[in-house]
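K.L.:
This is the structure I want to talk about, given as structure tokens.
Numbering (our numbering), first residue to last: 85 to 243.
In structure tokens, the structure reads:
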């Protein structure tokens, strides 16, 4: 009879926090390496526009989980850098929409390529027998968090 392995919840939490710190570090480094001099929050806004198309400021704020004034300041900085533009809303002439520029799309693509390369380098150092277990564990965690790979970057969990 095989003994059940019990994992202390604090040990599991610590392990997940360790992975989280590593991933945040990778995210920060890959954005910082970009010559466009943007913050991680600004990158999230660019990536959200790249994934979801043009948005009103209020809608972008909702997608990012920030208030409208934060999204307004962020979009102003991104506009000054030529990474997004404001366009009139075709359905509501009182409103404007934020749209990512080709330069903004290039930033998102470059950061994601660097991120994929860094994570690929790390994962290649994991043995084949451990890799499959890690894949399953990450899928279980992602499902428990309520946030899938094709969903937006807002938290999908409730407290």
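Glycine included, each C-beta is placed from N, C-alpha and C at the ideal position.
From what residue to what residue does the alpha helix (DSSP H) around residue 95 run?
P.N.:
By one-based count along the chain shown, residue 95 stands at place 11. 93 to 116 is the extent of the alpha helix (DSSP H) around residue 95.
K.L.:
With distances taken Cα to Cα, identify the nearest neighbour of residue 137 among 158, 98, 181, 124.
P.N.:
As a first step, residue 137 is located in the chain shown; it is residue number 53 there, counting from the start. The shortest Cα separation from residue 137 among 158, 98, 181, 124 belongs to 181.
K.L.:
State the Cα-Cα distance for the pair residue 97 and residue 193, rounded to the nearest angstrom.
P.N.:
The sequence position of residue 97 within the chain shown is 13, counting from 1. The sequence position of residue 193 within the chain shown is 109, counting from 1. Looking at the two C-alpha atoms, the distance is approximately 32 Å.
K.L.:
Have a look at the DSSP bridge pairing and note the partners of residue 172.
P.N.:
Counting from 1 along the chain shown, the entry for residue 172 is found at position 88. Note: residue 172 sits in a beta bridge opposite 180.
K.L.:
Roughly how many whole angstroms lie between the Cα atoms of residue 209 and residue 219?
P.N.:
By 1-based counting over the chain shown, the position of residue 209 is 125. By 1-based counting over the chain shown, the position of residue 219 is 135. Roughly 14 Å between the two C-alpha positions.
K.L.:
Based on the DSSP secondary-structure assignment, which residues constitute the bridge partners of residue 139?
P.N.:
Against the chain shown, residue 139 aligns to sequence position 55. 182, per the DSSP bridge assignment.
K.L.:
Within 10 angstroms of the Cβ of residue 242, are there 16 or more other Cβ atoms? Answer buried if so, exposed if not.
P.N.:
In the chain shown, counting from the first residue as 1, residue 242 sits at position 158. Since pLDDT at residue 242 reaches only 39, below the 50 mark, its modelled position is unreliable, and no value is offered.
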